[in-house]
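J.: Right, I'll just put the structure down here and ask away after.
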DNA sequence: AGATTGGTTTAGGCAAAACTAAACTTTTAA
DNA sequence: TTAAAAGTTTAGTTTTGCCTAAACCAATCT
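Protein chains in written order, with my numbering: chain A, 1 to 227; chain B, 1 to 227.
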């Protein structure tokens, strides 16, 4: 068995990839400051300063001390590629393995670090080359292009509008279980029955006529289109 | 978006898991010496000595200096679980994504480190709870039980036996491409036409009557059953 | 403007995981 | 049975990636 060496050719560490992801999420083009990055990563300031130096050495970011960090073109390309993997895996976990929305994030966070370009494209094909993941988030394409971001928050619509849920923000387990309780999924359709002028909570009427209220913090994470 | 911290609960590092895997492969029950482990992992002696200490602290192995290392019960359980993941992922890559035999090992080596017991079992179910992977190797079951190891090397059969390929050893890319050239896959059936007394190469007759020779190094990695 | 506050960076530690060189066992062979 | 060869461990270094404490810049508030 001529297989002595584990021939993994990892071009980036997981930590590096996590920083790149965080920067993309927080800033995109714009510069991000140390504190925000530290909070997002879940590390302390000095760890971030240090990590940023390593990333700068690899030309993944540009940093100005005391000012902020931003992704280079190379860094942005890496970020979208990781995001592509993350969202493809989330799609796989939900559509093929039958996981619920709320369960897939942490697993996809591990899977996204697996490095094999061929696998990513075979996976995409296997899933039917989706352009949105189970939460409705756009899946970056192989060339880095980002499909349209669907919908607007419920608040931005008016009473008696007919709406369809096209995207939900990943706002933690409690949010998702509440969605499940209310039987709201991607594609659900409602009419906007009323908006409370007191706390801006929203009342919806389901297709079957049932009425229910959504708190502001719920509705601000639900994105819809008007039909 | 209350998602500041990446909540990966990794109980073992990848390096640790690789050592455990290697020990299982080399020794199973028996003790393994430093050199063999170093060769298998692709590291030098001192790195191994050090790693073994870390593993011993976690009660995954028992080590006697200058004598050897062996897995504890806990270590063996971890090893079979990793092997289960590895072989399930290989099955996925071949059967669902359409990869060839030879391509999947390195990718599965990354996927096997993803830690989510729920995912492993959903994946197994999704694949039809297989007990052998695409190479014919047994997939350890959730309780740690190892399904039967199929077949014996071609050498052990006699002229005019009718045979079916049930397993191939993972002997590197060249071996697999040669199999492909010869159109040999799991389930292929042959009769053993002759055995060279000179170099113990083997001549097979395919179902369609075609005759061809296999070198000893090829045939020793092909496992068959007699029909 | 000057001082206090807040955010950032440097300095110095620690653990994992690899390495080389040197010391130390164990085995083999004269 | 002792000496050389082979294999293993210790000692000390490196890099990644995190930490705390202390120093340092920047922005605000009186």
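Cβ coordinates follow ideal geometry from the N, Cα and C atoms, glycine included.
Note that the structure is a prediction, hence the values are computed from the model and not measured.
Counting only runs that start and end within the region 4-75 of chain B, where is the beta strand (DSSP E) found for 3 or more residues in a row?
T.: Runs of the beta strand (DSSP E) inside the region 4-75 of chain B: 61-64, 68-71.
J.: Quick check on residue 126 of chain A - is its C-beta less than 9 Å from some C-beta in chain B?
T.: Here residue 126 of chain A corresponds to residue number 126 of the first chain, with the count starting at 1. Closer than 9 Å to some Cβ of chain B, the Cβ of residue 126 of chain A qualifies, so yes.
J.: Just to confirm, are residue 76 of chain A and residue 24 of chain A a CB contact at a threshold of 9 Å?
T.: On the first chain, position 76 is the one that residue 76 of chain A refers to. On the first chain, position 24 is the one that residue 24 of chain A refers to. Yes, Cβ-Cβ distance for residue 76 of chain A and residue 24 of chain A is below 9 Å.
J.: Quick check: residue 88 of chain A and residue 123 of chain A, are their CB atoms within less than 9 Å of each other?
T.: Residue numbering aside, residue 88 of chain A sits at position 88 when the first chain is read from its first letter. Residue numbering aside, residue 123 of chain A sits at position 123 when the first chain is read from its first letter. Closer than 9 Å, so yes.
J.: For the alpha helix (DSSP H) holding residue 166 of chain B, just list the boundary residues, first then last.
T.: Taking the second chain and counting its residues from 1, the one referred to as residue 166 of chain B is at position 166. Taken as a continuous stretch (DSSP letters only), residue 166 of chain B belongs to no alpha helix (DSSP H), being part of the beta strand (DSSP E) at 162-168.
J.: For residue 224 of chain A, report the span of its beta strand (DSSP E) as first-last.
T.: Counted from its first residue, the first chain places residue 224 of chain A at position 224. First-last of the beta strand (DSSP E) with residue 224 of chain A: 222-226.
J.: My output table needs one value for residue 193 of chain A: the three-state DSSP class, helix, strand or coil.
T.: Taking the first chain and counting its residues from 1, one reaches residue 193 of chain A at position 193. Strand, per DSSP.
J.: What first and last residue would you give for the alpha helix (DSSP H) that runs through residue 123 of chain B?
T.: Start at 1 with the first residue of the second chain, and residue 123 of chain B comes out as number 123. Element bounds for residue 123 of chain B: 117-126.
J.: Just the chain A side, please: which residues come within less than 7 Å of residue 98 of chain B by C-beta, in chain order?
T.: Sequence index remark: in the second chain, residue 98 of chain B carries index 98 (1-based). In chain order: 122.
J.: Whole angstroms is fine: what's the gap from residue 130 of chain B's alpha carbon to residue 139 of chain B's?
T.: Along the second chain, read from residue 1 onward, the residue named residue 130 of chain B stands at position 130. Along the second chain, read from residue 1 onward, the residue named residue 139 of chain B stands at position 139. One C-alpha to the other measures close to 7 Å.
J.: Please name the residue or residues paired with residue 204 of chain A in a DSSP beta bridge.
T.: Here residue 204 of chain A refers to the residue found at position 204 of the first chain. DSSP, once it has assigned bridges, lists A/192, A/212 as partnering residue 204 of chain A.
J.: In the DSSP output, which residue or residues are listed as bridge partners for residue 130 of chain A?
T.: Your numbering for residue 130 of chain A matches position 130 in the first chain. BP columns for residue 130 of chain A are empty, so no partner.
J.: In chain order, what residues of the same chain lie with their CB nearer than 7 Å to the CB of residue 91 of chain B, ignoring the 5 residues before and after it?
T.: What you label residue 91 of chain B is simply residue 91 of the second chain in a count that begins at 1. Correct list, in chain order: 127, 130, 133, 134.
J.: Hey, would you say residue 102 of chain B sits closer than 9 Å to residue 172 of chain B, going by beta carbons?
T.: Within the second chain, numbered from 1, the residue matching residue 102 of chain B stands at position 102. Within the second chain, numbered from 1, the residue matching residue 172 of chain B stands at position 172. Cβ atoms of residue 102 of chain B and residue 172 of chain B: closer than 9 Å.
J.: Kindly say whether residue 209 of chain B, judged by its beta-carbon, lies nearer than 9 Å to any beta-carbon of chain A.
T.: Counting from one through the second chain, the residue named residue 209 of chain B turns up at place 209. No, residue 209 of chain B lies away from the interface with chain A (no Cβ there is under 9 Å from its Cβ).
J.: Exposed or buried, residue 181 of chain B, counting other C-beta atoms within 10 Å across all chains shown (16 or more means buried)?
T.: The residue labelled residue 181 of chain B in the question sits at position 181 within the second chain. So residue 181 of chain B counts as exposed.
J.: Rank B/158, B/174, B/67, B/96 by C-alpha distance to the C-alpha of residue 31 of chain B and give the top, closest one.
T.: Position 31 of the second chain, counted from the first residue, corresponds to residue 31 of chain B. Taking only the C-alpha atoms, the option nearest residue 31 of chain B is B/67.
J.: Is the Cβ-Cβ distance between residue 195 of chain B and residue 159 of chain B less than 9 Å?
T.: Here residue 195 of chain B refers to the residue found at position 195 of the second chain. Here residue 159 of chain B refers to the residue found at position 159 of the second chain. Yes, Cβ-Cβ distance for residue 195 of chain B and residue 159 of chain B is below 9 Å.
J.: Tell me which residues share the same chain as residue 185 of chain A and place their Cβ nearer than 8 Å to its Cβ, disregarding the 5 neighbours each side in the sequence.
T.: Within the first chain, the letter at position 185 stands for residue 185 of chain A. Answer for residue 185 of chain A: 165, 179, listed in chain order.
J.: If I measure Cβ to Cβ from residue 34 of chain B and keep anything under 6 Å in the same chain, skipping five residues before and after, which residues do I get?
T.: Position 34 of the second chain, counted from the start, is the residue given in the question as residue 34 of chain B. Hits under 6 Å: 45, 48.
J.: Does any C-beta atom of chain A lie closer than 9 Å to the C-beta of residue 106 of chain B?
T.: Position 106 of the second chain, counting from 1, holds the residue named residue 106 of chain B. Yes, residue 106 of chain B counts as interfacial toward chain A.
J.: Under DSSP, the alpha helix (DSSP H) around residue 111 of chain A begins and ends at which residues?
T.: Within the first chain, residue 111 of chain A is the residue found at index 111, counting from 1. First-last of the alpha helix (DSSP H) with residue 111 of chain A: 104-111.
J.: Check the C-beta distance from residue 202 of chain A over to residue 214 of chain A and give it rounded, since I have them as a contact under 8 Å.
T.: Reading the first chain from its first residue, position 202 is the one you call residue 202 of chain A. Reading the first chain from its first residue, position 214 is the one you call residue 214 of chain A. About 5 Å separates the two Cβ atoms, so the contact holds.
J.: Please classify residue 227 of chain A as buried or exposed, where buried requires at least 16 other C-beta atoms within 10 Å of its C-beta.
T.: Position 227 of the first chain holds residue 227 of chain A. By the neighbour-count rule (16 or more Cβ atoms within 10 Å), residue 227 of chain A is not buried but exposed.
J.: My understanding is that residue 55 of chain A touches residue 29 of chain A, with C-beta atoms under 8 Å, so please give their C-beta distance in whole angstroms.
T.: Within the first chain, numbered from 1, the residue matching residue 55 of chain A stands at position 55. Within the first chain, numbered from 1, the residue matching residue 29 of chain A stands at position 29. Incorrect: roughly 16 Å between the Cβ atoms, too far for contact.
J.: By how many angstroms is the C-alpha of residue 188 of chain A removed from the C-alpha of residue 209 of chain A?
T.: Indexing the first chain from 1 puts residue 209 of chain A at position 209. Indexing the first chain from 1 puts residue 188 of chain A at position 188. Each residue's Cα considered, the two are about 13 Å apart.
J.: How about the region 145-157 of chain B and the region 145-155 of chain A: do they share at least three Cβ pairs that are nearer than 8 Å?
T.: Flag = no, the region 145-157 of chain B and the region 145-155 of chain A do not touch.
J.: Taking the alpha helix (DSSP H) that residue 141 of chain B falls in, what are its first and last residues?
T.: Position 141 of the second chain, counted from the start, is the residue given in the question as residue 141 of chain B. No alpha helix (DSSP H) contains residue 141 of chain B, which DSSP labels as neither H nor E.
J.: For residue 152 of chain A, list the residues DSSP reports as bridge partners.
T.: Position 152 of the first chain, counting from 1, holds the residue named residue 152 of chain A. Per DSSP, A/224.
J.: What's the gap between the Cα of residue 118 of chain A and the Cα of residue 41 of chain B?
T.: Here residue 118 of chain A corresponds to residue number 118 of the first chain, with the count starting at 1. Here residue 41 of chain B corresponds to residue number 41 of the second chain, with the count starting at 1. If you take the alpha carbons of residue 118 of chain A and residue 41 of chain B, they lie about 26 Å apart.
J.: Would you identify the three-state DSSP class for residue 158 of chain B, choosing helix, strand or coil?
T.: Along the second chain, one-based indexing puts residue 158 of chain B at 158. Reduced to three states, the DSSP call for residue 158 of chain B is coil.
J.: Counting only Cβ pairs nearer than 8 Å, list the residues of chain B close to residue 114 of chain A.
T.: To locate residue 114 of chain A, count along the first chain from 1; it is residue 114. Those within 8 Å of residue 114 of chain A in chain B are 107, 110, 111, 114.
J.: Note the first and the last residue of the continuous alpha helix (DSSP H) segment covering residue 174 of chain A.
T.: For the purposes of this step, residue 174 of chain A is taken as the residue at position 174 of the first chain. Taken as a continuous stretch (DSSP letters only), the alpha helix (DSSP H) holding residue 174 of chain A covers 173-181.
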